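**Q**
Residue numbers (this note's numbering), protein chains in the order written: chain A, 17 to 393; chain B, 152 to 401.
(1) For residue 103/B, which residues in chain A fall below 8 Å Cβ to Cβ?
(2) Just the Cα atoms here: how many angstroms apart are residue 341/A and residue 338/B?
(3) Under 7 Å Cβ-Cβ, which residues of chain A neighbour residue 411/B?
(4) So is residue 167/A buried or exposed if we call it buried at 16+ other beta carbons inside 10 Å?
(5) Can you list the residues of chain B that residue 139/A reaches, using a CB-CB cut of under 9 Å?
(6) Nearest chain C C-beta to residue 285/B closer than 8 Å, yes or no?
(7) I'd like to know whether the C-beta atoms of residue 72/A and residue 259/B end up nearer to each other than 8 Å.
(8) Anything in chain B within Cβ reach of residue 323/A, meaning under 8 Å, just list it in chain order.
(9) If we cut at 8 Å on Cβ distances, does residue 233/B have a partner in chain A?
(10) Expressed to the nearest angstrom, what Euclidean distance is found between the alpha-carbon atoms of residue 226/B and residue 216/B?
(11) How should residue 392/B be labelled, buried or exposed, when 16 other C-beta atoms within 10 angstroms of its C-beta is the threshold for buried?
(12) Measuring alpha carbon to alpha carbon, tell me which of 193/A, 355/A and 238/A ends up nearest residue 305/A.
(13) Quick one: measure Cβ to Cβ for residue 293/B and residue 281/B, integer angstroms, because I've assumed they're closer than 8 Å.
(14) Give a yes or no on whether 8 Å exceeds the smallest Cβ distance from residue 253/B to chain A.
(15) Which residues, taken in chain order from the region 202–228 of chain B, show a beta carbon closer than 8 Å to some beta carbon of chain A?
(16) Between the C-alpha atoms of residue 356/A and residue 319/A, what's the straight-line distance to the nearest angstrom?
(17) If you follow the alpha helix (DSSP H) that residue 84/A is part of, which residue opens it and which one closes it?
(18) Excluding the 5 residues preceding and the 5 following residue 113/A in the sequence, name in chain order all residues of the same chain whose CB lies nearer than 7 Å to its CB.
(19) Work out the CA separation of residue 328/B and residue 40/A for me, nearest whole Å.
(20) What residue does the beta strand (DSSP E) around residue 237/B start on, and which one ends it?
(21) Any idea what DSSP makes of residue 376/A, helix, strand or coil?
(22) Does residue 137/A come out as helix, strand or coil in the three-state DSSP assignment?
(23) Could you tell me if residue 126/A is buried or exposed, where buried requires 16 or more neighbouring beta carbons within 10 angstroms of its beta carbon?
(24) Are the C-beta of residue 169/A and some C-beta of chain B separated by less than 8 Å?
(25) How about residue 270/A and residue 55/A: are their beta carbons less than 8 Å apart?
(26) Can you list the residues of chain A that residue 362/B reaches, using a CB-CB cut of under 7 Å?
(27) Thinking residue 117/B and residue 206/B are a contact (beta carbons under 8 Å), I'd like their distance in whole angstroms, please.
(28) Anything in the region 51–64 of chain A with a Cβ closer than 7 Å to a Cβ of chain B? List those residues in chain order, please.
(29) Which value, in whole angstroms, describes the spacing of the CA atoms of residue 211/B and residue 288/B?
(30) Please return the same chain residues whose Cβ sits closer than 6 Å to the Cβ of residue 128/A, not counting the five positions on each side in sequence.
(31) Terminal residues of the continuous beta strand (DSSP E) containing residue 276/B?
(32) Would you verify that the beta carbon of residue 339/A is, or is not, closer than 8 Å to some beta carbon of chain B?
(33) Check whether the region 346–364 of chain B and the region 168–175 of chain B touch, using three or more Cβ-Cβ pairs below 8 Å as the test.
(34) Just how far apart, CA to CA, sit residue 315/B and residue 325/B?
(35) Could you have a look at residue 345/B and say whether DSSP puts it in helix, strand or coil?
(36) With DSSP as the reference, please indicate the residues paired to residue 196/B in a beta bridge.
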């Protein structure tokens with residue numbers, strides 16, 4: 017077990033150092049080392065932003081729902097879920113700020129917001145959500161159960177609104193038919209539930225491996241949510257493709273059979289959906305299977321976000337535009353560069369680092385709630 | 152009469168003694184004498200006269216000192232038919248300066264807006280570089296300034312001409328460090344800095360086929376007003392509901 021810890025620690029350190037290299041490159045070279053351009057304007061970092069926002073909303077909704085609905089078996093996870101939510105929203109904001117052309121002007125969003133812009137609304141909602149989390153932490157610390165419950169009640173619509181609004185940020189653009197569907201915001205909300213709950217299943221398995229009832233319940237939730245996600249995706253793909261005649265056909269086939277077919281089939285469907293379902297089905301009370309399943313679903317959910325953000329931009333708005341001007345930024349092809357992955361490594365390592373620090377320093381787990389025989393070895 | 156009736160050529164072209172550029176310059180001077188909100192700048196592009204020389208693209212790049220990755224007016228090329236019956240369609244694509252611009256309401260900080268004369272402007276000092284407006288444009292008419300230079304890999308480093316100042320929106324700027332317009336969304340603005348000094352946009356004055364026309368559509372005597380009355384006037388993607396101010400004669 018000690019060896020595992022050292023290995024994980026070493027992996028984290030490598031990711032963090034590589035991430036620092038990425039941040040240094042970003043600060044010294046601006047956007048020059050990134051692979052996106054003037055046609056595919058949003059790349060890996062925007063997908064990462066959407067991913068972490070989903071994790072944040074999902075974790076919060078978990079904490080809020082188990083408290084409001086009084087699910088005793090899952091209540092011990094509340095504070096861990098809230099910390100996960102806080103870390104995720106912080107990392108999401110880091111991703112989106114790093115993506116800006118002028119990072120120093122990020123705060124002008126609050127000084128001169130354009131209230132018709134979904135992006136301005138998102139900035140406002142994230143800020144309100146951050147304040148809500150701080151207030152919640154305060155009242156939990158003060159053991160003011162009434163205020164905690166009230167803030168959870170207020171937080172539920174907020175935590176549905178900001179991933180939903182994040183989806184609407186894409187969906188409201190009529191110029192992008194792949195995004196411009198009423199299903200997109202729904203996808204983002206369901207995705208928040210799937211990825212957030214799955215991450216907490218993994219955390220539960222690490223912290224309380226011997227609480228079989230908690231593990232079993234988390235496993236069931238993950239299966240149910242992954243199933244809902246798959247049904248929605250079936251709708252998304254089967255309806256435009258059913259008769260084989262539709263404006264969306266080529267684009268959807270590009271996702272299913274194009275250069276990055278494996279992102280959908282191998283990463284998302286196989287590793288993120290089918291393997292987790294099979295693992296939980298196989299041993300529903302085992303912390304190892306449920307934890308692995310949760311981790312797989314949560315980690316691979318980045319593929320779902322990438323498969324929304326990138327394909328939406330890879331078709332020219334006007335026929336012939338792709339050949340009108342030869343320039344590496346004026347192309348409809350996009351592959352994240354090493355630099356973008358390094359910055360991504362920074363985001364992920366900061367997220368894991370903060371999570372770990374939280375578990376070490378903050379009272380996320382009440383010692384009374386953990387029996388001596390329950391602690392992971 | 153058998154066969155297809157070819158739409159009549161623009162009036163100016165029927166009068167060889169009238170130079171179209173001089174006529175448009177006179178139109179421009181009349182427009183500038185009016186208050187800003189009474190001008191309605193439009194562009195008309197005759198696709199039958201465009202020969203695909205890309206002179207407009209190049210002159211625009213030279214005028215606005217556009218770096219790699221930024222192009223305001225590419226010319227789209229499309230082949231039609233098969234040998235021996237084939238032709239090419241050339242479609243210059245400036246910013247459409249839409250009357251219902253999708254790029255404006257999406258900007259989170261109101262850094263892009265429509266001027267009273269209809270030009271959609273970008274405030275480089277306010278733009279945060281989020282690129283939402285670029286994603287929102289159904290014509291791909293906006294691009295992002297990555298801070299690159301064409302000559303950065305040459306032995307002598309970045310050449311002086313790439314650091315020559317731009318005067319977009321009437322403000323002198325040099326592209327260096329991380330200063331705007333580096334890190335901003337950029338787009339065609341009908342050369343508004345030239346317009347206000349009484350000069351036609353660069354694409355219009357350099358079009359060797361005289362295929363690009365510019366002027367004030369509120370002026371009934373202007374060339375563009377005359378052209379907009381033709382039956383063969385079209386806009387790009389009318390179904391997008393953007394109400395473009397760039398018209399095509401087909």
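Glycine is no exception: its CB is placed at the ideal position from the N, C-alpha and C atoms.
Computed from a prediction, not measured in an experiment: that's the story for all the values here.
**A** Let's see:
(1) Because chain B spans 152 through 401 in this model, residue 103/B falls outside it and cannot be assessed.
(2) The count along the first chain starts at 1 and reaches residue 341/A at position 325. The count along the second chain starts at 1 and reaches residue 338/B at position 187. Spanning the two alpha carbons is a distance of roughly 15 Å.
(3) The shown model of chain B, from 152 to 401, leaves out residue 411/B, and the question about it has no answer.
(4) By 1-based counting over the first chain, the position of residue 167/A is 151. By the neighbour-count criterion, in which 16 or more other beta carbons inside 10 Å mark a residue as buried, residue 167/A falls on the buried side.
(5) For the purposes of this step, residue 139/A is taken as the residue at position 123 of the first chain. Result: 259.
(6) Looking for chain C here will not work: the only protein chains present are A and B.
(7) Working through the first chain from its first residue, we reach residue 72/A at position 56. Working through the second chain from its first residue, we reach residue 259/B at position 108. A distance of 8 Å or more separates the beta carbons of residue 72/A and residue 259/B.
(8) Within the first chain, residue 323/A is the residue found at index 307, counting from 1. None at all; the shortest Cβ gap to chain B is about 17 Å.
(9) Numbered from 1 along the second chain, position 82 holds the residue referred to as residue 233/B. Cβ-Cβ to chain A under 8 Å: no for residue 233/B.
(10) Numbered from 1 along the second chain, position 75 holds the residue referred to as residue 226/B. Numbered from 1 along the second chain, position 65 holds the residue referred to as residue 216/B. About 18 Å.
(11) For the purposes of this step, residue 392/B is taken as residue 241 along the second chain, with counting starting at 1. By the 10 Å Cβ count, residue 392/B comes out exposed.
(12) On the first chain, residue 305/A is found 289 positions in, with the first residue counted as 1. If we check each option's Cα against that of residue 305/A, 238/A comes out closest.
(13) Mapped onto the second chain, residue 293/B falls at position 142. Mapped onto the second chain, residue 281/B falls at position 130. Not a contact, Cβ separation roughly 12 Å.
(14) Counting from one through the second chain, the residue named residue 253/B turns up at place 102. For residue 253/B, the closest Cβ of chain A is nearer than 8 Å.
(15) The residues in question are 208, 219, 220, 221, 222, 225, 226, 227 and 228.
(16) Translated into the one-based positions of the first chain, residue 356/A becomes position 340. Translated into the one-based positions of the first chain, residue 319/A becomes position 303. Each residue's alpha carbon lies about 15 Å from the other.
(17) Taking the first residue of the first chain as position 1, residue 84/A is located at position 68. Where residue 84/A is concerned, the enclosing alpha helix (DSSP H) starts and stops at 60–84.
(18) Indexing the first chain from 1 puts residue 113/A at position 97. The answer, listed in chain order, is 119 and 122.
(19) Mapped onto the first chain, residue 40/A falls at position 24. Mapped onto the second chain, residue 328/B falls at position 177. Rounded to the nearest angstrom, the two C-alpha atoms are 16 Å apart.
(20) Taking the second chain and counting its residues from 1, the one referred to as residue 237/B is at position 86. Taken as a continuous stretch (DSSP letters only), the beta strand (DSSP E) holding residue 237/B covers 236–243.
(21) As a working mapping, residue 376/A is identified with position 360 in the first chain. DSSP places residue 376/A in helix when its eight states are reduced to three.
(22) On the first chain, residue 137/A is found 121 positions in, with the first residue counted as 1. Reduced to three states, the DSSP call for residue 137/A is helix.
(23) On the first chain, residue 126/A is found 110 positions in, with the first residue counted as 1. Classified as exposed, residue 126/A has fewer than 16 neighbouring CB atoms from the shown chains inside 10 Å of its CB.
(24) In the first chain, counting from the first residue as 1, residue 169/A sits at position 153. At a cut-off of 8 Å between C-beta atoms, residue 169/A does not count as an interface residue with respect to chain B.
(25) Counted from its first residue, the first chain places residue 270/A at position 254. Counted from its first residue, the first chain places residue 55/A at position 39. It is not a contact, given that the beta carbons lie outside the stated cut-off.
(26) Residue numbering aside, residue 362/B sits at position 211 when the second chain is read from its first letter. Here the premise fails: no neighbours, minimum Cβ distance about 16 Å.
(27) Lying outside 152 to 401, the shown extent of chain B, residue 117/B is not represented and no answer is given.
(28) 53, 54, 55, 57 and 58
(29) For the purposes of this step, residue 211/B is identified with residue 60 of the second chain, where counting begins at 1. For the purposes of this step, residue 288/B is identified with residue 137 of the second chain, where counting begins at 1. If I take the Cα positions, the gap works out to 20 Å.
(30) In the first chain, counting from the first residue as 1, residue 128/A sits at position 112. Same-chain partners within the cutoff: there are none.
(31) As a first step, residue 276/B must be located in the second chain, where it is residue number 125. Where residue 276/B is concerned, there is no enclosing beta strand (DSSP E), given that its DSSP letter is neither H nor E.
(32) Position 323 of the first chain, counted from the start, is the residue given in the question as residue 339/A. At least one chain B Cβ lies under 8 Å of residue 339/A.
(33) yes
(34) In the second chain, counting from the first residue as 1, residue 315/B sits at position 164. In the second chain, counting from the first residue as 1, residue 325/B sits at position 174. Approximately 6 Å between the Cα atoms of the pair.
(35) For this step, residue 345/B is matched to residue 194 along the second chain. Correct three-state label for residue 345/B: helix.
(36) The sequence position of residue 196/B within the second chain is 45, counting from 1. In the DSSP output, where bridge partners are listed per residue, residue 196/B has 363/B and 399/B.
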